[in-house]
Amino acid sequence: GGKIVKCQRKGKIGIKKYNKIKNIGQIKYRKIDNIEKYNKIKSVVISFYISKTSRIAAMKIKLMNCKRYKSFYELYVAVEGLYIGKSIYSGSQAPLKIGNILPLHKIPSGTLVCNIEEKMGDCGIIARSNGAFAGIINHFTHNSMTKIKLPSKNIKSLHSNCRATIGIAAGSGRVDKPLLKAGNKLFKTKYSCKKFPKTRGVATNPVDHPHGGGNHQHIGFPSTVSRRSVPGQKLGLISARRTGVRKIRKLMKAI
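The sequence shown begins at 4 in our numbering and counts up one residue at a time.
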């Protein structure tokens with residue numbers, strides 16, 4: 004009996020709708036063409052933005068159309084060291100400078116890059132968040148692959164024709180500043196599909212949540228549940244391998 008619990012009502016879509024009005028647009032590379040494959044294209048930085056949804060520092064650039072007298076605009080991930088009016092180049096013949104976009108096989112080993120394509124033409128997926136970067140380890144010419152070190156310290160092999168931006172993504176240190184109050188957290192989660200504030204299950208009534216009720220706030224039964232639990236009971240530590248704080252963490256805190 005009882006009500007349908009919040010996580011059951013929320014479902015996969017989420018309680019809040021995606022706010023498209025405040026969104027600045029898709030931050031990605033332009034589609035690859037023959038100009039970028041065999042030559043280079045020049046662009047100028049016009050302005051900088053911060054995405055309300057993903058918190059990525061973006062820059063608006065103006066590119067000149069090579070086929071006709073016309074310009075168009077794109078949104079790229081901003082890089083540390085760029086400024087308004089700075090010229091950046093993209094293509095296989097672009098110079099090796101901060102902010103330029105080149106294929107991986109044109110970038111030497113040991114260079115720090117960001118906004119890397121995982122597959123050719125996917126317009127940038129890896130190392131896009133504030134202050135993120137990846138390092139190029141080495142190139143393999145026999146199979147056209149490049150080995151890079153990801154921000155998570157894992158090593159991944161990508162195709163050498165995948166594009167990347169030279170430099171470190173702008174906005175590092177954003178998470179270092181504390182939120183300090185609940186109002187700041189509210190505006191932070193306002194533009195993303197997240198619910199705030201969240202009510203603890205033990206603080207609710209028995210009709211609202213399986214953990215609710217009781218003279219003292221306690222669950223009253225193990226908080227671990229099966230992966231195959233029915234909706235409404237699938238709450239708490241779902242299919243947990245282990246629970247509690249590890250002894251190593253306790254020792255580190257004591258030190």
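Glycine included, every Cβ here is placed at the ideal spot set by N, Cα and C. None of these values were measured; they are calculated from a predicted model.
Sufficient close CB pairs (3 or more, under 8 Å) joining the region 133–141 to the region 67–78:
no
CB of GLY235 within 8 Å of CB of ILE7, strictly:
yes
Give the DSSP-derived three-state secondary structure of TYR52 in the structure shown.
strand
Tell me the DSSP secondary structure of HIS142 in three-state form.
strand
Figure out for me which residue from GLY174, ASN118 and ARG231 has the closest Cα to the Cα of ILE151.
ASN118
Coarse secondary structure for ALA81, derived from DSSP in three states
coil
Is HIS214 buried or exposed, if buried means 16 or more other CB atoms sit within 10 Å of its CB?
buried
Within 10 Å of its beta-carbon, does ALA185 have 16 or more other beta-carbons around it, so buried, or fewer, so exposed?
exposed
Can you give me the start and stop residues for the beta strand (DSSP E) that ILE91 sits inside?
90–94
Nearest-angstrom Cα distance between ASN157 and LYS40?
29 Å
Please list, in chain order, all residues of the same chain as ILE128 whose beta carbon is under 6 Å from its beta carbon, the five residues on each side excluded.
GLU121
VAL82 to GLY170 span [Cα, whole Å]
6 Å
Where does ILE119 fall in DSSP's three states?
strand
Relative to the C-alpha of GLY163, which residue among SER95, PHE224 and PRO181 is closest?
Per the sequence presented here, residue 163 reads as Ser, with Gly not at that position. Per the Cα distances, SER95.
DSSP on TYR41, reduced to helix/strand/coil?
helix
Taking the beta carbon of HIS212 as the centre, do at least 16 other beta carbons fall within 10 Å, making it buried, or is it exposed?
buried
For LEU189, the first and last residue of its enclosing alpha helix (DSSP H)
185–193
Need the endpoints of the beta strand (DSSP E) that LYS13 sits in, please.
Run containing LYS13: none in the beta strand (DSSP E); it sits in the alpha helix (DSSP H), 9–13.
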